[in-house]
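The numbering of the sequence shown is this note's numbering, which starts it at 37 and goes up by one. A quick write-up on the structure given underneath.
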Amino acid sequence: MTLGEKLHLGIDIGGTNVKFGIVDSDLNLIFHSSEKLPLQLNQPEIVSWLQSQIQNQIINFPSISTIGIGIPGIISKEGIIIVSPNIPQLSGVEIKLTLEKHFRRKIAIDNDANVAALAELYCGNGKGLHDFVYITLGTGVGGALVLDGKIYHGSNFGAGEIGHIIINPYDELNHEKPYRTGVLEEYLGKEAIIRTAKNLTKKYENSPIVKNELWDVADISDYADKGDKLSIETMKLCGYYLGLGIVSVANLLDVPNFILGGGISKSSDIFYKSANDTAKQRVLPQLEKQLSVNKAVFSEKSGIIGAAILGKI
37 MTLGEKLHLG
47 IDIGGTNVKF
57 GIVDSDLNLI
67 FHSSEKLPLQ
77 LNQPEIVSWL
87 QSQIQNQIIN
97 FPSISTIGIG
107 IPGIISKEGI
117 IIVSPNIPQL
127 SGVEIKLTLE
137 KHFRRKIAID
147 NDANVAALAE
157 LYCGNGKGLH
167 DFVYITLGTG
177 VGGALVLDGK
187 IYHGSNFGAG
197 EIGHIIINPY
207 DELNHEKPYR
217 TGVLEEYLGK
227 EAIIRTAKNL
237 TKKYENSPIV
247 KNELWDVADI
257 SDYADKGDKL
267 SIETMKLCGY
277 YLGLGIVSVA
287 NLLDVPNFIL
297 GGGISKSSDI
307 FYKSANDTAK
317 QRVLPQLEKQ
327 LSVNKAVFSE
337 KSGIIGAAIL
347 GKI
């Protein structure tokens with residue numbers, strides 16, 4: 037960082053914490069921090085809290101010229117938070133306009149998966165690619181579409197919801213949330229993977245996962261690599277579900293490149309092999325040799341780096 041160089045603040049608003057990152061003009065991360073999100077606050081209070089946190093960053097780094105924000109939900113092109121499932125208090129907030137008036141700096145805001153995809157596009161495994169699909173694997177399953185080198189938002193700013201691809205049309209209808217019936221997220225989110233493992237307990241009663249009640253995705257992944265049969269079958273089955281999702285998107289968009297981020301993306305190679313094998317077996321012939329599924333370069337810091345890039349571009 038040189039004297040007088042413009043800096044860019046990236047903010048990643050999660051379900052429980054807010055992360056802050058500063059990048060320089062070359063997109064190097066020079067500082068990052070995290071604060072617990074005060075979910076007990078109402079809408080005006082939580083906006084005021086966010087403003088005070090941003091002000092603290094500006095005090096420490098006066099050269100901040102732009103601010104980018106990533107948040108789960110649907111964000112309009114005007115920077116209005118249309119839906120915020122994790123932080124409902126923020127739904128309806130004109131966050132872009134509010135912060136621009138307060139700080140007199142360029143403000144940009146987008147969905148968290150889109151922001152993470154930007155980190156890969158500019159600095160990660162998406163660099164040099166015109167088209168790729170970014171999939172987030174964590175508590176749920178999300179995604180972003182990079183087409184012609186840009187984030188594709190869709191007509192209602194909700195494009196990329198890969199977790200809502202239907203992979204089982206025979207599931208009983210969820211009358212409370214019918215749009216969640218038989219979708220990929222119900223088979224591949226964190227709780228879904230654990231549920232898959234638990235459904236195999238009678239078949240593998242002597243598994244260390246069962247004996248020690250290690251009902252965590254990281255443990256299941258680790259034990260799969262150690263040869264535990266329950267864990268291997270779980271990873272293979274969940275990889276199969278992922279492969280179905282990948283091949284559906286690849287065939288629809290004619291896009292061969294996929295980048296996986298989020299906590300579950302760190303899972304066993306058994307998981308990845310199953311996903312790759314399934315996708316390559318079912319993909320259209322023109323895509324078979326090109327199909328590529330890679331782990332994201334960035335994980336925990338993808339949100340702040342991508343948000344900073346969002347503000348800068």
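Virtual Cβ for every residue (Gly too), placed ideally from N, Cα, C. Computed from a prediction, not measured in an experiment: that's the story for all the values here.
In the three-state reduction of the DSSP assignment, Asn330 falls in the strand class. Around the C-beta of Tyr170, 16 or more other C-beta atoms lie within 10 Å, and the residue is accordingly described as buried. Its chain contains Ala286, Leu323, Gln326, Leu327, Ser328 as the residues whose beta carbon lies nearer than 7 angstroms to that of Pro292, once the 5 sequence neighbours on both sides are disregarded; these appear in chain order. For Gly218, DSSP assigns no beta-bridge partner whatsoever. By the Cβ criterion, the segment 253 to 260 is in contact with the segment 270 to 282, since at least three pairs of Cβ atoms, one from each stretch, lie closer than 8 angstroms. Gly297 sits away from Gly225, with the two beta carbons spaced by 8 angstroms or more. Inter-segment contact for the segment 196 to 206 and the segment 238 to 250 is absent: fewer than three beta-carbon pairs are separated by less than 8 angstroms. Of the residues Ile66, Ser335, Lys316, Thr134, the one whose Cα lies closest to the Cα of Leu86 is Thr134. Cβ neighbours of His138 within its own chain (closer than 6 angstroms, five residues either side excluded): Gln87. Nearest C-alpha to Ile95 among Pro205, Arg318, Ile58: Ile58. Note on geometry: alpha-carbon atoms of Tyr276 and Ile123 lie some 32 angstroms from one another. In this structure, Cys274 is the residue among Cys274, Lys234, Val182 with its C-alpha nearest to the C-alpha of Asp313.
Ile229 sits buried, since 16 or more C-beta atoms from the chains shown fall within 10 Å of its C-beta. A straight-line Cα-Cα distance of about 44 angstroms links His68 and Pro205.
Per DSSP, Ser301 is not a residue of any alpha helix (DSSP H), being assigned neither H nor E.
In summary, Gln93 is buried, with 16 or more beta-carbon neighbours lying within 10 Å of its beta-carbon over all protein chains present. When rounded, the separation of the alpha-carbon atoms in Ser61 and Thr237 is 52 angstroms. The beta carbon of Asp184 is closer than 8 angstroms to those of His166, Asp167 in its chain, skipping five residues each way along the sequence. Cβ atoms of Gly299 and Gly196 stay farther apart than 8 angstroms, at about 18 angstroms.
The DSSP-derived three-state label of Gly115 is coil.
Among the bridge pairs identified by DSSP, Glu241 is matched with none. Note: Tyr188 is bridge-paired with Leu181 in the DSSP secondary-structure output. Going by DSSP, Ile107 is part of no alpha helix (DSSP H) but of the beta strand (DSSP E) stretching over 100 to 107. Looking only at Lys55, Pro214, Glu208, Gly218, the smallest Cα-Cα distance to Gly104 is reached by Lys55. Per DSSP, the unbroken beta strand (DSSP E) holding Ala144 starts and ends at 142 to 147. Between Ile117 and Ile100, the CB-CB gap reaches or exceeds 8 angstroms. Assignment of His68 by DSSP, reduced to helix, strand and coil, places it in the strand class.
Taking 8 angstroms as the cut-off, the Cβ atoms of Ile82 and Gln125 count as close. Close CB contacts of Lys331 within its chain, under the 6 angstroms cut and outside five residues either way in sequence, are with Leu296, Ser301 (chain order).
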